[in-house]
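*Asks:*
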Amino acid sequence: MAFTIHQFFKLSVKYLPVITLIITVLPLPVKAATFLVNERALLGGNDQVDWGSLGKVFNPSAPDFSVFLPNSFSVTSQGGLGLDVNITPAKNPQITPPFIFQTLPPPGIRTNFAQGDFILFGGINPAGFQPLPPGSSDPRTQGNGEPLSISFAQPVYGAGTQIAVDISNLEVETFINAFDSSNNLLGSFSVPSTSSLALDNSAVFLGVRSDTANISRLVFSSSAPQYALAINQVSIVAAPEPNLTLAILVFGISGVVLKLRQRHWLNNS
Numbered sequence: 003m004a005f006t007i008h009q010f011f012k013l014s015v016k017y018l019p020v021i022t023l024i025i026t027v028l029p030l031p032v033k034a035a036t037f038l039v040n041e042r043a044l045l046g047g048n049d050q051v052d053w054g055s056l057g058k059v060f061n062p063s064a065p066d067f068s069v070f071l072p073n074s075f076s077v078t079s080q081g082g083l084g085l086d087v088n089i090t091p092a093k094n095p096q097i098t099p100p101f102i103f104q105t106l107p108p109p110g111i112r113t114n115f116a117q118g119d120f121i122l123f124g125g126i127n128p129a130g131f132q133p134l135p136p137g138s139s140d141p142r143t144q145g146n147g148e149p150l151s152i153s154f155a156q157p158v159y160g161a162g163t164q165i166a167v168d169i170s171n172l173e174v175e176t177f178i179n180a181f182d183s184s185n186n187l188l189g190s191f192s193v194p195s196t197s198s199l200a201l202d203n204s205a206v207f208l209g210v211r212s213d214t215a216n217i218s219r220l221v222f223s224s225s226a227p228q229y230a231l232a233i234n235q236v237s238i239v240a241a242p243e244p245n246l247t248l249a250i251l252v253f254g255i256s257g258v259v260l261k262l263r264q265r266h267w268l269n270n271s
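Heads up: the sequence shown at position 116 corresponds to 118 in this note's numbering, and the numbers run straight through without jumps.
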């Protein structure tokens with residue numbers, strides 16, 4: 003018996019959920035590649051975390067030590083992705099806990115991030131709380147430059163941030179390591195970095211991108227851990243939600259079926 007377009011349409015509609023499920027769960031033959039990205043625009047982020055969203059900003063002109071952060075805390079991205087942040091405690095007990103500040107001209111804190119950026123800072127010797135007037139030399143205050151890790155609630159395609167080390171006019175190496183959900187190292191990269199107090203957005207961007215959503219954790223560090231590590235907003239290339247992927251597949255299959263039915267109508271009109 004001949005298999006008509008009408009019968010095909012009825013079967014397609016009947017078994018559409020099964021077809022969609024099979025397409026969704028079948029593994030695709032993808033070979034993952036992980037690579038360094040050193041410009042924010044090239045990362046192609048579709049989500050981000052701005053540290054000002056935590057609502058705890060240190061003001062050097064009116065210090066409020068209650069805004070200090072624990073070494074481990076959680077934050078949610080603008081797109082609703084959960085992140086766990088862990089800053090390894092400093093070995094020096096005189097170093098403060100981590101905190102967030104906004105980089106601004108004096109009496110604010112100057113950096114080589116963009117003016118107005120909110121900065122996540124590892125911690126510093128309290129002597130470093132005094133903002134420096136223009137023309138002042140860097141006192142090279144000791145701080146917490148121990149590794150800073152960011153874990154994602156769902157694996158992502160990529161993420162990155164601008165990074166600086168709290169010491170001017172000294173080139174250091176800054177590092178980024180990417181891990182998957184099984185703690186396998188996906189890639190390890192580094193770039194030279196020189197900090198300043200110029201407020202000129204020259205802090206280097208350090209990011210990692212993959213062609214699959216397999217990045218679960220990033221770890222940032224530097225070759226000078228005796229000086230505090232600082233990062234600004236984190237750009238993220240988030241994976242689409244599973245429900246969204248399913249909806250796209252359903253829509254695509256339904257479209258194919260509808261076109262076949264329309265062609266049947268035209269051929270019999």
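Yeah, the Cβ is synthetic: ideal placement off N, Cα and C, and Gly gets one too. Keep in mind that this is a model prediction, so the values were computed, not measured.
#1: Classify N40: buried if its beta carbon has 16 or more other beta carbons within 10 angstroms, exposed otherwise.
#2: Please report the straight-line C-alpha distance between Q144 and I126, rounded to a whole angstrom.
#3: What does a CB cutoff of less than 8 Å around I217 pick up in its chain, not counting 5 residues either side in sequence?
#4: If the criterion is Cβ atoms closer than 7 Å, does the pair F222 and I165 meet it?
#5: So, with DSSP's three-state summary, where would you put A180?
#6: Quick one: residues in its chain with C-beta nearer than 6 Å to the C-beta of N146, no 5 flanking neighbours on either side, listed in chain order?
#7: Can you tell me where the alpha helix (DSSP H) holding A161 begins and where it ends?
#8: On the criterion of 16 or more Cβ atoms from any shown chain inside 10 Å, does L44 qualify as buried, or is it exposed?
#9: Pull up the DSSP beta-bridge partners for A232, would you.
#10: Would A34 and T163 qualify as a contact pair, given that the criterion is a beta-carbon distance under 7 Å?
#11: Report yes if the C-beta distance between G81 and D49 is below 7 Å; otherwise report no.
#12: Could you tell me if S63 is buried or exposed, where buried requires 16 or more neighbouring beta carbons within 10 angstroms of its beta carbon?
#13: In terms of DSSP beta bridges, what is P336 paired with?
#14: Just grab the DSSP bridge partners of N88 for me.
#15: By Cβ distance below 7 Å, which residues in the same chain neighbour Q228 in space, the five residues on each side in sequence not counted?
#16: Spatial neighbours of D119 within its chain, please: C-beta separation below 6 Å, excluding the five flanking residues on both sides.
#17: Let's see if you can read the secondary structure: which residues bound the alpha helix (DSSP H) around R42?
#18: If you run the structure through DSSP and keep just helix, strand and coil, what is G145?
#19: Let me check understanding here. Comparing Cα to Cα, which of T176, S197 and F103 lies closest to F70?
#20: If distances are taken between C-alpha atoms only, which option among P65, N171 and S212 comes closest to P128?
#21: Using the three-state DSSP reduction, which class does S225 fall into: helix, strand or coil?
#22: From L85, V193 and S197, pick the residue whose C-alpha is nearest to that of D140; which is it?
#23: Could you compute how far the alpha carbon of G84 sits from the alpha carbon of F60?
#24: Could you name the residues of the same chain whose beta carbon sits closer than 7 Å to that of G47, not counting the 5 residues immediately before and after it, in chain order?
#25: Taking DSSP as the reference, what is the three-state secondary structure of S204?
*Replies:* Judging by the given coordinates:
#1: As a working note, residue 40 is residue 38 in the sequence shown. N40 should be labelled exposed.
#2: As a working mapping, residue 144 is identified with position 142 in the sequence shown. As a working mapping, residue 126 is identified with position 124 in the sequence shown. Taken atom to atom, the span from the alpha-carbon of Q144 to that of I126 is near 6 Å.
#3: Here residue 217 refers to the residue found at position 215 when the sequence shown is read from its first residue. Once the five neighbours on either side are set aside, the close Cβ partners of I217 are T36, F154, P157, V158, Y159, G160, A161, A180, F181, D182, L188 and V210.
#4: For the purposes of this step, residue 222 is taken as the residue at position 220 of the sequence shown. For the purposes of this step, residue 165 is taken as the residue at position 163 of the sequence shown. When the beta-carbon positions are compared, F222 and I165 come within less than 7 Å of each other.
#5: As a first step, residue 180 is located in the sequence shown; it is residue number 178 there, counting from the start. If DSSP states are grouped into helix, strand and coil, A180 belongs with the strands.
#6: Mapped onto the sequence shown, residue 146 falls at position 144. Same-chain partners within the cutoff: A92, I97, G124, G125 and A230.
#7: The residue labelled residue 161 in the question sits at position 159 within the sequence shown. Run containing A161: none in the alpha helix (DSSP H); it sits in the beta strand (DSSP E), G160 to V167.
#8: Along the sequence shown, one-based indexing puts residue 44 at 42. With fewer than 16 Cβ atoms within 10 Å of its Cβ, L44 is classed as exposed.
#9: Within the sequence shown, residue 232 is the residue found at index 230, counting from 1. DSSP, once it has assigned bridges, lists F123 and A166 as partnering A232.
#10: To locate residue 34, count along the sequence shown from 1; it is residue 32. To locate residue 163, count along the sequence shown from 1; it is residue 161. Against a cut-off of 7 Å, the Cβ pair of T163 and A34 comes out as no contact.
#11: Walking along the sequence shown from the start, residue 81 turns up at place 79. Walking along the sequence shown from the start, residue 49 turns up at place 47. Cβ atoms of G81 and D49: closer than 7 Å.
#12: Looking up residue 63 in the sequence shown gives position 61. Classification of S63: exposed, given that the 10 Å Cβ count is below 16.
#13: Nothing about residue 336 can be reported from this structure: the residues present for the chain run from 3 to 271 only.
#14: Residue 88 sits at position 86 when you count from the first residue of the sequence shown. According to DSSP, which records beta bridges pairwise, N88 is partnered with S74 and S151.
#15: The residue you call residue 228 lines up with position 226 of the sequence shown. If we look at Q228 and ignore the five residues flanking it on each side, its Cβ neighbours are Q144 and G147.
#16: Looking up residue 119 in the sequence shown gives position 117. For D119, where only same-chain residues beyond five positions count, the Cβ hits under 6 Å are T105 and N234.
#17: In the sequence shown, residue 42 corresponds to position 40, counting from 1. Residues R42 to L45.
#18: Residue numbering aside, residue 145 sits at position 143 when the sequence shown is read from its first letter. DSSP places G145 in strand when its eight states are reduced to three.
#19: In the sequence shown, counting from the first residue as 1, residue 70 sits at position 68. For the options T176, S197 and F103, the alpha carbon positioned closest to that of F70 is the one of F103.
#20: On the sequence shown, position 126 is the one that residue 128 refers to. Closest option to P128, Cα to Cα, is P65.
#21: Reading the sequence shown from its first residue, position 223 is the one you call residue 225. For S225, the secondary structure class from DSSP, reduced to helix, strand or coil, is coil.
#22: Numbered from its first residue, the sequence shown carries residue 140 at position 138. Out of L85, V193 and S197, S197 has the C-alpha closest to the C-alpha of D140.
#23: Within the sequence shown, the letter at position 82 stands for residue 84. Within the sequence shown, the letter at position 58 stands for residue 60. Distance between the alpha carbons of G84 and F60 is about 23 Å.
#24: For the purposes of this step, residue 47 is taken as residue 45 along the sequence shown, with counting starting at 1. Result list for G47: S237, I238 and V239, in chain order.
#25: For the purposes of this step, residue 204 is identified with residue 202 of the sequence shown, where counting begins at 1. In this structure, S204 counts as coil in the three-state DSSP scheme.
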